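Residue numbers (this note's numbering), protein chains in the order written: chain A, 1 to 256; chain B, 1001 to 1256; chain S, 2001 to 2256; chain W, 3001 to 3256; chain Z, 4001 to 4256; chain X, 5001 to 5256; chain L, 6001 to 6256; chain H, 7001 to 7256. Just so it is clear, CB atoms sit at the ideal spot from N, CA and C, and this is done for glycine as well. Since this is a predicted model, take the numbers as computed values, not measurements.
Protein chains: 8
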Amino acid sequence: MTPEYLKTLLARFKSGEVDEGAVVEELAKFSFEEVGFAKIDHNRAMRTGYPEVIFGEGKRPEQVAEIFVNLAARNEVVLCTRASGEIAEAVKKRFAAAVYDNLSRIVMTPPSKKERVGEVALACAGTSDLPVAEEAAQVMEAFGSNVKRLYDVGVAGVHRLLSHVDTLKSANCVVAVAGMEGALPSVVAGLVKVPVIAVPTSVGYGSAFGGIAALLTMLNSCASGVSVVNIDNGFGAGVQADMINKLAVKGGGASR
Amino acid sequence: MTPEYLKTLLARFKSGEVDEGAVVEELAKFSFEEVGFAKIDHNRAMRTGYPEVIFGEGKRPEQVAEIFVNLAARNEVVLCTRASGEIAEAVKKRFAAAVYDNLSRIVMTPPSKKERVGEVALACAGTSDLPVAEEAAQVMEAFGSNVKRLYDVGVAGVHRLLSHVDTLKSANCVVAVAGMEGALPSVVAGLVKVPVIAVPTSVGYGSAFGGIAALLTMLNSCASGVSVVNIDNGFGAGVQADMINKLAVKGGGASR
Amino acid sequence: MTPEYLKTLLARFKSGEVDEGAVVEELAKFSFEEVGFAKIDHNRAMRTGYPEVIFGEGKRPEQVAEIFVNLAARNEVVLCTRASGEIAEAVKKRFAAAVYDNLSRIVMTPPSKKERVGEVALACAGTSDLPVAEEAAQVMEAFGSNVKRLYDVGVAGVHRLLSHVDTLKSANCVVAVAGMEGALPSVVAGLVKVPVIAVPTSVGYGSAFGGIAALLTMLNSCASGVSVVNIDNGFGAGVQADMINKLAVKGGGASR
Amino acid sequence: MTPEYLKTLLARFKSGEVDEGAVVEELAKFSFEEVGFAKIDHNRAMRTGYPEVIFGEGKRPEQVAEIFVNLAARNEVVLCTRASGEIAEAVKKRFAAAVYDNLSRIVMTPPSKKERVGEVALACAGTSDLPVAEEAAQVMEAFGSNVKRLYDVGVAGVHRLLSHVDTLKSANCVVAVAGMEGALPSVVAGLVKVPVIAVPTSVGYGSAFGGIAALLTMLNSCASGVSVVNIDNGFGAGVQADMINKLAVKGGGASR
Amino acid sequence: MTPEYLKTLLARFKSGEVDEGAVVEELAKFSFEEVGFAKIDHNRAMRTGYPEVIFGEGKRPEQVAEIFVNLAARNEVVLCTRASGEIAEAVKKRFAAAVYDNLSRIVMTPPSKKERVGEVALACAGTSDLPVAEEAAQVMEAFGSNVKRLYDVGVAGVHRLLSHVDTLKSANCVVAVAGMEGALPSVVAGLVKVPVIAVPTSVGYGSAFGGIAALLTMLNSCASGVSVVNIDNGFGAGVQADMINKLAVKGGGASR
Amino acid sequence: MTPEYLKTLLARFKSGEVDEGAVVEELAKFSFEEVGFAKIDHNRAMRTGYPEVIFGEGKRPEQVAEIFVNLAARNEVVLCTRASGEIAEAVKKRFAAAVYDNLSRIVMTPPSKKERVGEVALACAGTSDLPVAEEAAQVMEAFGSNVKRLYDVGVAGVHRLLSHVDTLKSANCVVAVAGMEGALPSVVAGLVKVPVIAVPTSVGYGSAFGGIAALLTMLNSCASGVSVVNIDNGFGAGVQADMINKLAVKGGGASR
Amino acid sequence: MTPEYLKTLLARFKSGEVDEGAVVEELAKFSFEEVGFAKIDHNRAMRTGYPEVIFGEGKRPEQVAEIFVNLAARNEVVLCTRASGEIAEAVKKRFAAAVYDNLSRIVMTPPSKKERVGEVALACAGTSDLPVAEEAAQVMEAFGSNVKRLYDVGVAGVHRLLSHVDTLKSANCVVAVAGMEGALPSVVAGLVKVPVIAVPTSVGYGSAFGGIAALLTMLNSCASGVSVVNIDNGFGAGVQADMINKLAVKGGGASR
Amino acid sequence: MTPEYLKTLLARFKSGEVDEGAVVEELAKFSFEEVGFAKIDHNRAMRTGYPEVIFGEGKRPEQVAEIFVNLAARNEVVLCTRASGEIAEAVKKRFAAAVYDNLSRIVMTPPSKKERVGEVALACAGTSDLPVAEEAAQVMEAFGSNVKRLYDVGVAGVHRLLSHVDTLKSANCVVAVAGMEGALPSVVAGLVKVPVIAVPTSVGYGSAFGGIAALLTMLNSCASGVSVVNIDNGFGAGVQADMINKLAVKGGGASR
């Protein structure tokens, strides 16, 4: 938007050639928001398709509850991830309908009545990885995607994974969660035609280095079609898989 | 597939209830292939939707040429990434129609006549990152996706990126390539509703540590919807973005 | 297993040339198991020769107890490693005969009456490394190997190790456990003709980096015949040493 | 051996109670060798069962040739690993019967006429990993073990590995070689009852960090029975696998 | 100061050419202080313009209180950073006028009556980074600089930052505080003409590695004019920004 | 800038209350530039006070020469850092007046006639660090700051530094360059009242890790008033020191 | 000691040419000790000049007390480092004369009446480093060296160190203890003619990485005559400094 | 030195109570030197007992030759370490008597006629470590210490080391050089009563990480009396060992 372009736009507006709405729409693309009004980025849903999500770790319970209520006044779906039991209690006190899942550690608004769409396959290597996997699952379901869980399918018993090859192949996207050596996504990506979102977990000890071993494994996957999120970032994987699933369901995507 | 299930299947086959084709189809899901027949995984395209791609680095020119010809006999699109000029020469000697792009360092079969579909936006931070960006671009175009290039849009002059916000928003997927501090994907992901595939490059010096700085930046993005591939892995990002783009174009994805 | 091979097999089955049992056996090599039936991999013992072992860390006591009882119904030897006192209590409540060793932190089924076979020498550098060494020892004894313990034989007083050279030389395999600088396996491997399994421990401080120093020392051993397991992984070393010991006792191994 | 013990021994020798041979044998256990005589550790074969092997990297060709000839005068099998073409030439000039394999980069004495024994399965993930795999193979064959090569069986096409499950199961030991994400040993170890020696290779780029990614993967394997050697250390894996194979063939190992 | 120089100086002093004051002033440049007199570096303010500041972490409350009182006897401004509530209590008991801010965790002498000068803009990416940002803010205000806070302006919603571009541009210096991927300083430095002091925080998880990701991002900023302090070092950034601000206000700096 | 604000602004413009210039000025703060016009960020000088500088490493000589000429048409000062001799030759062929300094490896437009202002002290630990120090010096002088060089003043002979304490104290800013253990900035910062910009260099070997040791030393300086740039980043330090020096000279900085 | 040599020795013994004492002395050089007698290495003092010292961390109080009493029966000086208050209590219950210093965390036998010899200067950068410095000091004093403490002499106020230059120069050895950036040993070693033993401490935060920054600084010291011990290893530095001090006092060291 | 102290000193000088010499001597302790006179630290030998040594790496041959000649004019012993053949040639052209040793890569003044004193034992693990060991040896001999070389005594054949135990025990200091796993110093330190200076070398591959593995091993030695220098720093170890050796020979060290 050069000054020249802007001058022309203003001239056309003054002359009545374009109306107020068009000018506003044009400039709104740049999304400048009055910051003095509110710190909370209510505009994010419009811009990115997803509401702001509360990251509970390190926040005080009342603080979270306050933000939760604030967001819930304007959004249908409100989520707080990494929520301790104390946070959940504080939220429920302010927002009685809130639901807490103590495996994924998510507290959120009650499940929507809208039907979920598409299908994401969620493969998880070991039972210790479940909290991360469930964080991804709950996020996807909250945002409206169907999730097919394939748990305890680590590569040390690869037949367990292979017996679910149909489920994997029929999904629009696969989320693969693994700690320790993190080899699951490589094997999965060798079997399917859709994107695999790999989530390393901090499960392991010694040279697992809190998830670094799994992270490196996934980044170096010899199978193509794999991309990776941060260690234990079930939320991030869930959002991206949800995006892909919805693109796949909706179709008719951008085309020149 | 339990023994019980198998026994039943065999019984139904013997009795003529199901025919040979159905049994083979059922078992073929597990894709066991006679390896003595050929090392080259011709079956991969069927299984994953993508042909085997040759990684040129560290291979000898004649070796690559041999594999290239072999694959070209059975696939419409054959690619060799990280190809030196010598490799390109060797391939062209055996397969005259091959095309070499010395920015992306890809040698491949000539461009398909088929129309490309959808649109992937490809944002690249600096001119030194172009070889990696072009690797992604060439791969996506070879596999049939439209690519919209937005080059030299690093965050140190964020207005350059913002002026292209429409292009970013209208794509089905964004690939964001950056070296040094690697902040581009975070800014991009805050602007769009679609998946952002982040590619760290080894561009930089000192504490850039050959791409580690950019890799960590991207893994820790505070914006959701970002996933990451290996350092300099334009190919991997291209394949995943192509997958997402096609899902978005085709639509009607899996749904329960 | 090509489709052709399968078709021939099916034809021979239908014609009665081979019976149901042979077909099942042939296909069972691939070990596909009905996963809906049970998550617990009961099939592992048949496939790998070892039952599934419970890794107690991060699991809840009742959870462990449940799995323990379940496995004990089908296996003679059941082990839970990294078991806290609380886990041990929970297991004993459900399985009264269980035995807890609070040095190795293993809770298991009572010792078998079967005679143990062969001999593994277990060398341990310092007294702080004992929990890891005992984890290895208990695992080997539980699975039926004789273990000869050589404790407190660190290289800072190398004469202590040398005075046991006979014990080391007569074993079928040596497990060498050390923290801090982890030099023990190198010295041991220079003295014996059998495999040395090196176990770095997290004992140390400062630049010991939780076992990394010892791990690197062992990986870089200038003596040949050394291989290494994860930091503090007494269990893994024990299983591999037990495998080697039994191969040595049984003899008549595979030969073309 | 306390002074007291020694005094008694000497007294018994002087009195004729024990003869010279017994005293020498007793003391020889400690293997002290006159170092002034020769730096080359000729005694190693007696002590460890394996002759000293020359590590060619960083040594000058004539230097290697000199040591080679020296060792060949006393040993049937002499090996120099990591030998450049120049080293091979220098060795051949001094020892005409020497054989050079330019894949494994080993120059050695000509193959023995003795029949090889047992069987080690050698699984290798990708073609770029072959030099390391062949280093292991050549070492095992030189020392007298049969080797069954399973090449190009990476986990991105897991069916290739599964179709060789019989070969893996019938071996006395498996060596599994892989670069990039290094997931092969985990999958293999979930299928067999024998020790798996894992060899990470430096194949890969970016966050493969010259083999660290594969090394960590292997150290953190969720399958038991895996131990690991240094990056690219085909030699070390070969020696250990050879030891295990021979123990398995010979049998009747140490037993109390 | 050569012996020759000193001799001349002394001669001139003895002859009365220079007086005692001039000699003392000349030698005082080297600031040697009788250490037997006191460990506390009272001389620092004269030398560096800033009084010694107490780093509270790891010190005992009474210990801090003692030093605080001691310093307060000779300095107008006394600060203790990283002060726990216990430390604050102990200080207040000894120095009743002390003020504690439990966000920045600073306990200090009451605010000065002197008017603050100039202006430093303080941009902070997320609410979890506030303790570090406030440490910088409190330090700058205590030392006499005006601070303009711009909080919650992370790059995932870059419009928030852009709407404050005037504030950023009109400051004498910018302090930019961010955790996770730490991209804020790069974007800021692309917008302003003054130095940007970047402060990485330890906010984040997984591959944020306690602030390393943000630190590397900032060190590799593609925008010029950025320098970096230690992770969570709000204090250090505050001091340097205060120095720059005062230089800018005072002007007439050193010139040949 | 909310839509409301914009609507009001537009209404006032249409009614003639504000004129075109005021509207443009208001919106121009956000600096959106037509990117289709030129990739080279000519606008940067206006925005940040510094022209775009060419980073020569990894660029081809003709490419650099082209950009150099292009920039020189619009800027008085044009710099290319990390320029090889080949780059310098290529630039001179296109721009005959260009000057090359082969210590700092900078090729640039000839020195300005304008008098330089203020003073920056540039302390450098060892002679091997000089290329980095000179990069900083040349940049500062090109942009118009006086530089006082203090070379070979490493802390292993601390008296050398102390004898220059007057020079250090009288500067507006100090740049301190050091490799190996990088202790110089800490000692300097304990002596002066102005900002110290620390530049770690890659000089050293072994555990210097290409500059990491010096970088960490500087980030952890126990003296306050130190901030750090990337390893070997003389350019970045020079720009920031130049900014500070000019602020100090000009004075009258922003004040509420 | 070849078999030949041994045979000759035995023959000479039998013939009476050499007596029992000479044979024992000859063989005793190799120090083989009856390990069945005791695990505690009582022989160490004779071999290395220092008794075994108990490392208290991670040991149980009663366990430490038991070892303490055992050692005290045979040694004049017994030390337990890293002793918690609980350990100290347990030791005192068994050995009433034991003394506990809760700064250095050492519990030991009461101070010897023997006069201490020589002098070691002990320089310590900050007050947080005192526990490590005192560990070194207590060890040296217990073993009989005089220690001259120079505390709070960090390089950020280098004049404090310089004012003690006489003390440093007159010592036989200097121990220099520092955390954070760890620059003290470099400055010290530039001032003295004797060995400097550098001790990095884990004091610091952020990129101090628990002492790694200080460790690297010290390893890369540009001053010669510096060697380094593990992070926080005051004990190790104390032992080595004590050795050097005693060599310096005694004189007449080995000479050909 | 407080102002008060100085005033008194000056008053006593003026009154004639103390003379010029005493004042100069008092102030000279702080060693301020006119730096304008010469950059080369000629004063170092007086201050530290060792002349400045040239580090040849990265310096140009003529540059080294110039400094060499300059130093040789004032010092009996001049050394340049890490000198390439080209540097040696350049030095010899200017200083014909210079001697070059191409194993240690040192060029120096011809050997002194003075008798060497004392004895340092120099143990070296493998033949590839010799260049580093010889750097230490040449430095010690040049400075006047006797050196007893024990080469090829790595721990994989520990008997070789043990057969030299007398040599080790009779030295005043031991330098122990090792690459790969670096275990040699630990074993040595368990055998002797004198300081062991450990030198890690960059010999090794894979996870040796250019000497990090050996460095960590040595820092974590379980034997006391070990201190460590930088990777490949034979020079630094040589200087410190020479210091210790001379202290031991001279005796009568500082004592209160």
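In DSSP terms, what H:D7101 is bridged to: Answer is H:I7106.
Between which two residues does the beta strand (DSSP E) containing A:S227 stretch? V226 to V228
Enclosing beta strand (DSSP E) for B:S1145 [first to last residue]: Its beta strand (DSSP E) spans residues S1145 to Y1151.
Does the structure place the stretch 136-144 of chain A close enough to the stretch 101-113 of chain A that three or more beta carbon pairs sit under 8 Å? Contact holds: three or more Cβ-Cβ distances are below 8 Å.
What does the alpha-carbon distance come out to for the pair H:A7189 and S:G2157? 9 Å
Using a Cβ-Cβ cut-off of 9 Å, state whether A:Q240 counts as contacting chain Z. no
Cα-Cα separation between B:E1033 and W:L3161, rounded to whole angstroms: At B:E1033 the pLDDT is 32, less than 50, meaning the model places this residue with poor confidence and gives no usable figure here.
Sorted by chain position, which residues of the same chain lie with C-beta nearer than 7 Å to A:T2's C-beta, five sequence neighbours on each side aside? Note that A:T2 scores a pLDDT of 42, beneath 50, so its modelled location is shaky and nothing firm can be said.
According to DSSP, what are the bridge partners of L:T6081? L:F6055
Nearest to A:F143 by CA position, among A:A11, A:Q240 and A:A88, is which residue? A:Q240
Cβ-based neighbour list, Z:G4236, same chain, cut-off 6 Å, excluding 5 preceding and 5 following: V4229
Within 10 angstroms of the Cβ of W:T3081, are there 16 or more other Cβ atoms? Answer buried if so, exposed if not. buried
Start-to-end residues for the alpha helix (DSSP H) that takes in A:A213: I212 to L219
Going along the chain, which residues of its own chain have a beta-carbon closer than 6 Å to the beta-carbon of B:A1083, five neighbours each way excluded? Taking C-beta separations shorter than 6 Å and ignoring five residues to either side along the sequence, the partners of B:A1083 in its chain run G1056, R1105 and V1107, following chain order.
Out of A:F95, A:P195 and A:A214, state which residue places its alpha-carbon closest to the alpha-carbon of B:Y1050. A:P195
Using a Cβ-Cβ distance under 9 Å, would Z:G4190 count as near chain X? yes
Distance CB(Z:A4223)-CB(B:N1220) smaller than 9 Å: no
Close Cβ partners of X:V5077 (< 8 Å) along its chain, the five nearest in sequence each way excluded: P5051, M5108, T5109, S5112, A5142 and F5143
Would you kindly check if the distance between the Cβ of B:I1197 and the Cβ of B:L1215 is under 9 Å? no
Are the stretch 6144-6151 of chain L and the stretch 5171-5191 of chain X touching by the rule of at least three beta carbon pairs closer than 8 Å? no
Identify whether W:V3187 lies in helix, strand or coil by the three-state DSSP scheme. Three-state result, W:V3187: helix.
Cβ neighbour criterion (16 or more within 10 Å) applied to H:K7059: buried
Nearest candidate by alpha-carbon position, reference B:M1218, set B:L1247, B:G1210 and B:G1179: B:G1179
By DSSP, does Z:G4281 sit in helix, in strand, or in coil? The first residue shown for chain Z is 4001 and the last is 4256, placing residue 4281 of chain Z beyond what the model contains.
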